[in-house]
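Novice:
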Amino acid sequence: MGEENCTSVTEFILLGLAHAPELRVFLFLVFLLVYGVTVAGNLGMIAVIQVSSPLHTPMYFFLSHLSFVDFCYSTIIVPKMLSNTLSRDKAISFLGCMVQFYLFCTYAITEVFLLAVMAYDRFVAICNPLLYTVTMSRNLCMELVSCCYLWGMMCSLIHLCLALEIPSYRSNVINHFFCDLPPLLWLACSDVSINELTVFIVVTVNEIITIVVIFTSYLLILITILRMHSAEGRRKAFSTCASHLTAILVFHGTILFIYCQPGSGYSVETDKVATVFYTIVIPMLNPLIYSLRNKDVKEALKKVLGSILPFEKTIFLTRLRVSSETFNEGLILVGCEQKVK
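All residue numbers for the sequence shown refer to this note's numbering, where the first residue is 1 and numbers rise by one.
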């Protein structure tokens with residue numbers, strides 16, 4: 001496309017997932033439900049971990065941060081997507097687009113490394129249980145989580161600076177439901193080979209580092225499990241690791257599919273479908289994956305709900321008693337007035 005069709009932009013138009021009007025309401029309701037479950041599940045997980053002292057361990061400390069990251073990068077995308085689904089005005093300012101891209105990229109990379117840290121935590125817990133509390137000290141946990149956030153911010157800043165260097169675009173219409181880097185590069189008029197190479201290098205380096213940590217941790221975990229004589233111990237260890245491995249495979253598989261394919265093989269529609277999984281579906285599934293097969297979380301949840309429900313019941317009965325007393329006093333006053341008359 002010629003240079004005469006290229007221009008700088010002040011805003012982008014996000015086309016969203018569906019162009020057919022008859023699908024908009026359906027998609028809005030589906031993703032509203034998914035987002036509601038995501039918010040309730042992740043914030044609920046954080047709350048349960050915070051108020052339950054038995055869950056104040058490194059494993060659940062990392063899990064609470066995973067829930068926070070899932071909540072954040074889902075919230076960065078879904079509310080705007082829901083608004084665009086029903087609204088005719090699908091515009092997002094250039095600044096808003098860059099901010100959305102930067103924040104999403106930050107939390108996505110943070111989650112990649114957080115999953116690796118959680119794999120290392122599982123390795124220490126299963127392979128060195130006697131030294132677990134000493135090795136995974138509070139300070140080390142804080143340092144590991146801080147490094148995850150800082151690395152995510154730094155990698156995202158590199159992508160953002162390169163994206164801001166793009167002088168013009170062939171169009172301001174993005175065939176996507178949020179401001180992701182691949183569709184932005186696809187619209188660029190100038191040569192973006194540096195951007196594509198940077199994306200490939202950053203993603204590849206991040207994936208290699210995290211996959212090596214995860215693979216090594218789980219290889220040693222598997223060796224330890226196979227040496228266990230207790231069938232119950234094996235079952236518990238497998239149960240602990242299965243949920244984490246499920247989240248890792250889905251998340252990493254989707255990222256590699258989207259960001260490590262060559263630019264010539266890029267397909268917007270395929271990218272949108274794949275992106276839905278790790279931006280909308282996975283943040284909803286993670287709390288379910290980590291809690292449904294986790295006895296500690298289920299017990300803590302029962303205790304929290306058990307402490308809340310009696311309190312609510314007490315408030316209800318108190319209000320009912322007050323209302324009844326007020327009603328009886330009213331009847332007495334009416335009776336007295338009738339006698340006076």
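Every residue, glycine too, gets a C-beta built ideally from N, C-alpha and C.
Using C-beta distances below 6 angstroms, list every residue in its chain close to Phe61, excluding the 5 sequence neighbours before and after it, in chain order.
Specialist: Result list for Phe61: Cys141, in chain order.
Novice: Does Thr10 pass the burial test, meaning 16 or more other C-beta atoms within 10 Å, or should it be called exposed?
Specialist: Burial call: exposed.
Novice: Does DSSP classify Thr57 as helix, strand or coil?
Specialist: Note: Thr57 maps to coil in three-state DSSP.
Novice: Distance check for Val51 and Val124, CA to CA, integer angstroms please.
Specialist: Using only the alpha carbons, I get a separation of about 25 angstroms.
Novice: So for Ser93, helix, strand or coil by DSSP?
Specialist: Note: Ser93 maps to strand in three-state DSSP.
Novice: Starting from Ile13 and walking both ways along the alpha helix (DSSP H), at which residues does that stretch end?
Specialist: No alpha helix (DSSP H) holds Ile13; the beta strand (DSSP E) holding it covers 11-14.
Novice: If you drop the 5 nearest sequence neighbours on each side, which residues of the same chain put their C-beta closer than 7 angstroms to that of Ala116?
Specialist: Around Ala116: Thr210, Val213, Ile214.
Novice: Looking only at C-alpha atoms, which of Ser87, Phe200, Tyr107, Cys189 sits nearest to Ser156?
Specialist: Checking every option, the nearest Cα to that of Ser156 belongs to Tyr107.
Novice: In angstroms, rounded to a whole number, what distance separates the CA positions of Leu114 and Val145?
Specialist: If you take the alpha carbons of Leu114 and Val145, they lie about 7 angstroms apart.
Novice: Count the other CB atoms, across all protein chains shown, that sit within 10 Å of the CB of Asp121; report buried if there are 16 or more and exposed otherwise.
Specialist: Classification of Asp121: buried, given that the 10 Å Cβ count is 16 or more.
Novice: Indicate the three-state DSSP secondary structure (helix, strand or coil) for Ile248 in the structure shown.
Specialist: Three-state result, Ile248: helix.
Novice: For a test of the three-state rule: what should DSSP assign to Ile166, helix, strand or coil?
Specialist: Coil, per DSSP.
Novice: Phe94: which of Arg227, Ala163, Met136, Phe68 sits nearest, CA to CA?
Specialist: Selected option, being the one with the closest Cα: Ala163.
Novice: Helix, strand or coil for Cys6? Go by DSSP, reduced to three states.
Specialist: Coil.
Novice: Would you be able to state if there are at least three C-beta pairs under 8 angstroms between the stretch 95-103 and the stretch 27-43?
Specialist: Contact between the stretch 27-43 and the stretch 95-103 is absent, because fewer than three Cβ pairs lie under 8 angstroms.
Novice: Just tell me which of Phe177, Leu82, Ile194, Ser168 has its CA closest to the CA of Ala188.
Specialist: When each option's Cα is compared against that of Ala188, the closest is Ser168.
Novice: Please classify Thr216 as buried or exposed, where buried requires at least 16 neighbouring CB atoms within 10 angstroms.
Specialist: Thr216 comes out exposed.
Novice: Got a sec? Which residues, its chain only, sit under 6 angstroms from Ile332 by beta carbon, not counting five neighbours each side?
Specialist: Bear in mind that the predicted position of Ile332 carries a pLDDT of just 47, short of 50, making it unreliable; the figure below should be weighed with that in mind. So no residue of the chain qualifies.
Novice: Tell me which residue opens and which closes the alpha helix (DSSP H) that Asn175 is part of.
Specialist: Counting along the chain, Asn175 falls outside any alpha helix (DSSP H), and DSSP gives it neither H nor E.
Novice: DSSP three-state call for Ala237: helix, strand or coil?
Specialist: DSSP places Ala237 in helix when its eight states are reduced to three.
Novice: How far does the alpha helix (DSSP H) with Tyr132 in it reach, from first residue to last?
Specialist: 132-135 is the span of the alpha helix (DSSP H), which, as asked, contains Tyr132.
Novice: Please report how far the alpha carbon of His229 lies from the alpha carbon of Pro129, in whole angstroms.
Specialist: Going by the C-alpha atoms only, they are around 16 angstroms apart.
Novice: Within the same chain, show all residues whose beta-carbon is closer than 6 angstroms to that of Val297, passing over the 5 residues directly before and after it, in chain order.
Specialist: Ser291.
Novice: Label His56 either buried or exposed according to how many other C-beta atoms from any shown protein chain fall within 10 Å of its C-beta, with 16 as the threshold for buried.
Specialist: With fewer than 16 Cβ atoms within 10 Å of its Cβ, His56 is classed as exposed.
Novice: For the stretch 19-28 and the stretch 80-89, state whether three or more C-beta atom pairs, one from each stretch, are separated by less than 8 angstroms.
Specialist: Yes, the stretch 19-28 touches the stretch 80-89.
Novice: Taking the C-alpha atoms as reference points, what is the distance between Ile77 and Tyr132?
Specialist: About 37 angstroms.
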